Amino acid sequence: MHVSEFEIALQDNDYSAIENIWLSIIENHPEDAELFLKLAEKLAQRGERRRAATLLQLTLEPLSSAEKYHDAFRILQVAAEYHPKEKKLWDDLMTVVPLAFADFPEIEKILEEGREQYAGKVEGFLNHVNSFTFFKPGDWVKHEKGWGIGKVSAVEPSNRKLVVDFLDKPGHRFALEAAGKMLDKLDRDSLDVWKVERLEELQQLAKDKPLEVIKIALRPERTQELTQREIKARLVPSVMDQKTWSKFLTAVKKAAQKDEYVRLGNGQNPTFKLLDSAVTFEEAATERFSTPGTWEEKLERARDIITQVADHGYDPNPVVPAIAAYFQKQVEQDEDREHAFGLAGIFVLREIDARIGGTKVDGFPASILSPQAYFDVAEPKRYIDLLTRINVARYQREGLQLVATFAPQSWVETLRQALLSEASAMWDEALAQCEKTGHMQVYEEVGQEVTIDPMIAPDTFLWYVRQTYNRTPEGENTEELYHLFDKVLTLASRLNHAHSRGDKTAKPSLQKLKNLLSEDRNALLRRILHDLTPDKATHLYKHIESCTALGNNLPPKLRRMIRKEHKDVEQPVTEMAYQIDAAITVTTLEGLQKQQRLAKQLKDEIDENAKAIGAAIEMGDVSENAELDAAREKEARLKGRLSEVQKQLSNVLVLEPESIDTDRVVPGTRVTFRDEERDDPETVTILGPWDADHERGIMSYRAPMAEAMLGAHAGDVIVLAAQGNRRIRIEKIENALLEMAEKK
Numbered sequence: 005m006h007v008s009e010f011e012i013a014l015q016d017n018d019y020s021a022i023e024n025i026w027l028s029i030i031e032n033h034p035e036d037a038e039l040f041l042k043l044a045e046k047l048a049q050r051g052e053r054r055r056a057a058t059l060l061q062l063t064l065e066p067l068s069s070a071e072k073y074h075d076a077f078r079i080l081q082v083a084a085e086y087h088p089k090e091k092k093l094w095d096d097l098m099t100v101v102p103l104a105f106a107d108f109p110e111i112e113k114i115l116e117e118g119r120e121q122y123a124g125k126v127e128g129f130l131n132h133v134n135s136f137t138f139f140k141p142g143d144w145v146k147h148e149k150g151w152g153i154g155k156v157s158a159v160e161p162s163n164r165k166l167v168v169d170f171l172d173k174p175g176h177r178f179a180l181e182a183a184g185k186m187l188d189k190l191d192r193d194s195l196d197v198w199k200v201e202r203l204e205e206l207q208q209l210a211k212d213k214p215l216e217v218i219k220i221a222l223r224p225e226r227t228q229e230l231t232q233r234e235i236k237a238r239l240v241p242s243v244m245d246q247k248t249w250s251k252f253l254t255a256v257k258k259a260a261q262k263d264e265y266v267r268l269g270n271g272q273n274p275t276f277k278l279l280d281s282a283v284t285f286e287e288a289a290t291e292r293f294s295t296p297g298t299w300e301e302k303l304e305r306a307r308d309i310i311t312q313v314a315d316h317g318y319d320p321n322p323v324v325p326a327i328a329a330y331f332q333k334q335v336e337q338d339e340d341r342e343h344a345f346g347l348a349g350i351f352v353l354r355e356i357d358a359r360i361g362g363t364k365v366d367g368f369p370a371s372i373l374s375p376q377a378y379f380d381v382a383e384p385k386r387y388i389d390l391l392t393r394i395n396v397a398r399y400q401r402e403g404l405q406l407v408a409t410f411a412p413q414s415w416v417e418t419l420r421q422a423l424l425s426e427a428s429a430m431w432d433e434a435l436a437q438c439e440k441t442g443h444m445q446v447y448e449e450v451g452q453e454v455t456i457d458p459m460i461a462p463d464t465f466l467w468y469v470r471q472t473y474n475r476t477p478e479g480e481n482t483e484e485l486y487h488l489f490d491k492v493l494t495l496a497s498r499l500n501h502a503h504s505r506g507d508k509t510a511k512p513s514l515q516k517l518k519n520l521l522s523e524d525r526n527a528l529l530r531r532i533l534h535d536l537t538p539d540k541a542t543h544l545y546k547h548i549e550s551c552t553a554l555g556n557n558l559p560p561k562l563r564r565m566i567r568k569e570h571k572d573v574e575q576p577v578t579e580m581a582y583q584i585d586a587a588i589t590v591t592t593l594e595g596l597q598k599q600q601r602l603a604k605q606l607k608d609e610i611d612e613n614a615k616a617i618g619a620a621i622e623m624g625d626v627s628e629n630a631e632l633d634a635a636r637e638k639e640a641r642l643k644g645r646l647s648e649v650q651k652q653l654s655n656v657l658v659l660e661p662e663s664i665d666t667d668r669v670v671p672g673t674r675v676t677f678r679d680e681e682r683d684d685p686e687t688v689t690i691l692g693p694w695d696a697d698h699e700r701g702i703m704s705y706r707a708p709m710a711e712a713m714l715g716a717h718a719g720d721v722i723v724l725a726a727q728g729n730r731r732i733r734i735e736k737i738e739n740a741l742l743e744m745a746e747k748k
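Now the structure itself:
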């Protein structure tokens, strides 16, 4: 009661009430040092450190009267931490410390040295006392780096030594100054001490009262919580073997469901948490769910609580009704069915009914709300977008299944949108539904679409490649797998280029691509190696060689696999090693010389302008000299432009005719393509930004159209988003630089 009153007064900044509550606690609970320290910490967290220290000092008299001198010393330490310059602290220390350590060896000598050395300096004196008194005979300690568990046998203040009897090294001496840094002091009731001093008793306790063993493991922990794996590491094999652990764990989890001091989490590696006071699951869950948060956070908490109620048999009331009421309100607020939180609410209500049973939940809706309204107004793409936003795999799969029931007219398009979405949980479900309902043509059409241009949905394409690999019998359709493998390499280059241009979604997709190529000992390439013709083997070898996006480790492995199966593979000529990067400018020699001439021109203009500034200054009054102002503005503009040009010239890659790879679209190639809606082919030459010449059909590789084509191969279809999703097919790729060199 006092704690809640104290928190309310603290929230209201009513410090008069806080002091009255504090005095009331002293009167009713004079020996509860833990409570005093807890409340003082709340004050300190609000910035009232001095007030906290002052109130703590009021507890010294009742604690001393009860001969709780060690508790009084702890109070003084914390008070000194909050407000070390409080004058009365020194006098209090001189009174409490001799009583708290009356039985400590040579305590009078220790205190005398401290008083002389730190007269009036509270922090220094406390450090001095703690260095001698922190460890005392009988304490258990742990040396993490070598000797394990040991017991303090003696403290020798005169020699400034601590003597510890380790199991394998009795009588080891530490300097007192170093002992605090090298040794961890163990609670007498800690699991480590039990294992050394009371092992047989601990083993018997594990049989009779298994949850007590968990509590022993948790009590000394600072956070008072450990995962299942962490507890197992502490008990197996030192206390029990693996077989015994399995039975022990089952008994522990069963007992934890009914214990109000232990909270058991969910998952494969649940957390065991020891509570300070008895709290029922229902109380803890209600408080957790009522904590403010976004609907996404509320959704995560709700599902966790529903799972615990369903798995452990907790009473669903009152927390589950609160969850149901919250999400029912979300559904009602989403009248236009535009927001994911409304749809999420429907799935939460359905999950409560399915896993707990609506009849067990007070105030649960008599009829479960259905997603019918969403299908009445939502287009398939919008509905799939809402499911994607929910980001709960179970709900996404369920949401897809419901379409067949509530909106059969939208079923085919919904499957298509699910396959093209970013929600991977829906891809497998959509494929399963395609097979179940006889709509495999949807899967095949989406597969063709993302194969033509993987950048439409890179992750869906990679999933489709994996599905094709898994669904293709050994030795069959290797031609299709070969083309898909080649497409994957092209996609790697395009994703890498997109990443260099600032696309944040490209890097995760590129990592998934690398995983696909390397998983199961490079199985995708292994499947097609035997049936590759020499030309195709050489093509893949060269493509892998030029694909810098795959990093340093994977390409050599893939190339070795090809050479091992096809020893006569044509070794490609060493290709130009470059990576199109925003910081690098790729150009021809002519383009470089053009930019160098620009730099010289700018320098000349700066020199001429400097003369104009000098002439303007000679005119006299510079405060209202229009000619001078204009000259200085021009100077700043010219110097800025020169700096920009010089920076570009400092990071240049010059294209060489013999280094151009005509296997793909790169700077230095001439590309012939055909619009899918037109008959006449078109040709562009892709060079650097300093070479661009619209009249001659030369385009910078940084132009949107060129960016879309980079890395593509002959036969690829490219979607030009900047031109209204215009679709073009690459027909021919040639070395433009060789022809330009021959003309010279």
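The sequence shown maps to residues 5 to 748 in this note's numbering. Yeah, the Cβ is synthetic: ideal placement off N, Cα and C, and Gly gets one too. Owing to the predicted nature of the structure, the values given are computational and were not obtained by experimental measurement.
Mark residue i as exposed unless 16 or more other C-beta atoms lie within 10 angstroms of its C-beta, in which case mark it buried.
i, result
"ARG475", "exposed"
"LYS546", "buried"
"MET713", "buried"
"GLU448", "exposed"
"TYR399", "buried"
"LYS173", "exposed"
"TYR486", "buried"
"GLU648", "exposed"
"ILE664", "buried"
"LEU244", "Per the sequence shown, residue 244 should be read as Met rather than Leu. Answer is buried; the Cβ neighbour count reaches 16."
"ILE12", "exposed"
Helix, strand or coil: how does DSSP classify residue i here?
i, result
"HIS343", "coil"
"LEU230", "strand"
"ILE664", "coil"
"TRP144", "strand"
"THR441", "helix"
"PRO109", "coil"
"ASN739", "strand"
"ASP697", "strand"
"PRO224", "coil"
"ALA422", "helix"
"PRO384", "helix"
"ILE588", "coil"
"SER654", "coil"
"GLU609", "helix"
"ASP188", "strand"
"MET580", "With a pLDDT of only 36 at MET580, under the threshold of 50, the placement of this residue in the model should not be trusted; the figure read from the coordinates follows. Coil at MET580, not helix or strand."
"HIS87", "coil"
"GLY4", "Outside the displayed range of the chain (5 to 748) lies residue 4, so it cannot be described from this structure."
"MET244", "coil"
"LYS213", "coil"
"GLU160", "strand"
One question on the structure: do residue i and residue j come within less than 8 Å of each other, judged by their Cβ atoms?
i, j, result
"ALA740", "THR676", "no"
"LEU209", "GLU216", "yes"
"ARG401", "ALA358", "no"
"PRO458", "GLU417", "no"
"HIS717", "ASP667", "yes"
"THR591", "ASP695", "yes"
"VAL145", "ASP188", "yes"
"ALA255", "PRO214", "yes"
"LEU59", "TRP26", "yes"
Candidates the options: which alpha carbon is nearest residue i's?
i, options, result
"LYS149", "MET186, GLN376, ALA182, LYS140", "MET186"
"GLU637", "SER663, ILE617, ARG54, PRO66", "ILE617"
"PRO224", "ASP196, ALA377, ASP212", "ASP196"
"VAL313", "LYS604, ALA237, THR455, LEU268", "LEU268"
"PRO412", "LEU423, GLN437, LEU59, GLU735", "GLN437"
"PRO102", "ILE114, ASP665, LEU493", "ILE114"
"TYR473", "GLU112, LEU27, GLY451", "GLY451"
"ALA382", "ASP338, THR137, VAL669", "ASP338"
"ARG420", "ASP432, ILE722, PRO375", "ASP432"
"ASN500", "LEU488, PHE489, LYS516", "LYS516"
"ALA260", "THR284, ARG563, ALA289, LYS247", "THR284"
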